[in-house]
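Chemist: Here you go, one structure.
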Amino acid sequence: MAALAVPDRFLRGGENLRVSQWNFTPVQTKVRRISLVQNDPSHITLSFSSVFCSSSSDSSNWLQLRAPRPCKTRKAFKVFCIVTDKLVGGAQLSASADQNLRRLILLRHAKSSWSDRSIKDHDRPLSKKGRKAAASIALKLRERAGWLPQLILCSDSTRTRETLEIMQQHSPELQGAEVHFLSSFYSVAALDGETLQHLQETICKYSKDDVKTITCMGHNRGWEEAATLLAGVHIELKTANAALLEAAGGSWREAFENAGVGGWKLFAIVKPDASLENVVS
């Protein structure tokens, strides 16, 4: 019998639970029951039909469980135990389900102003509508538990800097993040097919293994293209829209290698308040 922590979202059902670091070669087997156990003797038992295991020689073996239905309890169960019909020798679970989860926020700058055509594109400020949208997206992202970035990589364009400044004013927690302004985030976004590779290299350069959530702020068409490639589905990023993506890995480099193109989970597309569509720029 083995135990590990279970993320709250798994208890709501319908999600895959990925568990790594087994000390035996996995085989496909049947699960008789899974017990969710609190610190007291009371427990709840759910039925699962099967376990799907990978089998490889690169020590990346993992176990995948899928909940058939939402758990009806609201109690905060912390541990579950796996009891299989077939005893597989020496099974030890040594990592929590989302211990190595990496979260990436690809955020496009808010709407810029075109009132002064003499200003270079790089130096255009936000419009009135853009400033309102930046405040709104900050509050929307603040509502997302677990998505506060420890690292922010931001284009050095005026409109992107202003977007971040307004977001920090309306979500003070963002001021605790390490911030880097990068001229390359402005230039690479205009180049076909190069943004994703540059994002990967830059993230791996600036991140440490204990950084779990990173926000990258930049421009289309590159940001939209990179989000689409990572998730494997078409993603549209209008101004001040954010794509929230997840992948597992002991480091950011490992997460990119494991998930590859199309392997990142699209958690959500976050947008500013819809009422801002009627605001005159």
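Residue numbers (the numbering used here): 71 to 351. Ideal Cβ positions, reconstructed from N, Cα and C, are used throughout, including at glycine.
Under the assumption that Asp-262 contacts Ser-321 (Cβ atoms under 8 Å), give the Cβ distance between them as a whole number of angstroms.
Modeler: Rounded, the Cβ-Cβ distance is 29 Å, inconsistent with contact.
Chemist: Taking the DSSP output, what are the residues bridged to Lys-335?
Modeler: The partner list for Lys-335 (beta bridge, DSSP) reads Glu-316.
Chemist: For Asp-343, which residues from the same chain have a beta carbon less than 6 Å from its beta carbon, with the 5 sequence-adjacent residues on both sides left out?
Modeler: If we look at Asp-343 and ignore the five residues flanking it on each side, its Cβ neighbours are Ser-206.
Chemist: Which first and last residues belong to the beta strand (DSSP E) in which Leu-171 is found?
Modeler: Unbroken beta strand (DSSP E) run through Leu-171: 171-178.
Chemist: Let me confirm a value: Trp-293 is counted as buried when at least 16 other C-beta atoms fall within 10 Å, else exposed. Which label applies?
Modeler: Burial call: buried.
Chemist: Ser-257 lies in the alpha helix (DSSP H); which residues open and close that run?
Modeler: Segment 254-258, the alpha helix (DSSP H) holding Ser-257.
Chemist: Out of curiosity, what's the CA-to-CA distance linking Arg-178 and Cys-224?
Modeler: Their Cα atoms are separated by approximately 10 Å.
Chemist: Please report how far the alpha carbon of Ser-227 lies from the alpha carbon of His-192, in whole angstroms.
Modeler: Ser-227 and His-192: Cα-Cα distance of roughly 5 Å.
Chemist: Are Cys-274 and Leu-176 touching if we call contact CB-CB under 8 Å?
Modeler: No, the Cβ-Cβ distance between Cys-274 and Leu-176 is not below 8 Å.
Chemist: Examine the Cβ distances between the segment 210-222 and the segment 179-190 and report whether three or more of them are shorter than 8 Å.
Modeler: Result no; under three Cβ-Cβ pairs closer than 8 Å.
Chemist: Alpha carbon to alpha carbon, what distance is there between Gln-238 and Ala-310?
Modeler: Looking at the two C-alpha atoms, the distance is approximately 14 Å.
Chemist: Between the alpha carbons of Gly-288 and Ser-345, how many angstroms are there, rounded?
Modeler: The alpha-carbon atoms of Gly-288 and Ser-345 are separated by roughly 24 Å.
Chemist: Kindly indicate which residue of Ala-312, His-250, Arg-323 and Gly-330 has the alpha-carbon position closest to the one of Ala-180.
Modeler: Of Ala-312, His-250, Arg-323 and Gly-330, the residue nearest in Cα terms is Ala-312.
Chemist: What is the DSSP secondary structure of Thr-285, reduced to helix, strand or coil?
Modeler: Looking at Thr-285 - three-state DSSP - the assignment turns out to be strand.
Chemist: Please classify Ser-182: does DSSP put it in a helix, a strand, or coil?
Modeler: Correct three-state label for Ser-182: strand.
Chemist: May I ask you to report which of helix, strand or coil DSSP gives His-304?
Modeler: Three-state result, His-304: coil.
Chemist: Distance check for Leu-252 and Val-258, CA to CA, integer angstroms please.
Modeler: Those two C-alpha atoms are separated by around 11 Å.
Chemist: Can you check whether the CB of Val-249 is closer than 8 Å to the CB of Ile-284?
Modeler: Cβ atoms of Ile-284 and Val-249: not closer than 8 Å.
Chemist: What is the DSSP secondary structure of Leu-234, reduced to helix, strand or coil?
Modeler: Helix at Leu-234.
Chemist: Can we say the segment 192-204 touches the segment 263-273, given the rule of at least three CB pairs closer than 8 Å?
Modeler: No: fewer than three Cβ pairs fall under 8 Å.
Chemist: Of the choices Ala-317, Gln-220 and Thr-233, whose alpha-carbon is the least far from that of Glu-243?
Modeler: The candidate whose alpha carbon is nearest that of Glu-243 is Gln-220.
Chemist: How close, in whole Å, do the beta carbons of Leu-266 and Leu-300 come, if the pair is a contact with beta carbons under 8 Å?
Modeler: Right, their Cβ atoms sit about 7 Å apart.
Chemist: Ignore the nearest five residues each way along the sequence and tell me which others in Lys-335's own chain have a CB closer than 6 Å to its CB.
Modeler: Correct list, in chain order: Glu-316.
Chemist: With a cut-off of 8 Å on the beta carbons, I'd call Arg-194 and Lys-282 a contact; round off their distance for me.
Modeler: Going by Cβ atoms, the distance from Arg-194 to Lys-282 rounds to 33 Å, so no, they are not a contact pair.
Chemist: Here's a check: name, in chain order, each residue in its chain whose Cβ is nearer than 6 Å to the Cβ of Lys-341, leaving out the five neighbours to either side.
Modeler: Contacts found: Asn-311.
Chemist: What did DSSP end up calling Glu-271 once you bin it into helix, strand or coil?
Modeler: Looking at Glu-271 - three-state DSSP - the assignment turns out to be helix.
Chemist: In three-state DSSP terms, what is Ile-189?
Modeler: It is coil, neither helix nor strand.
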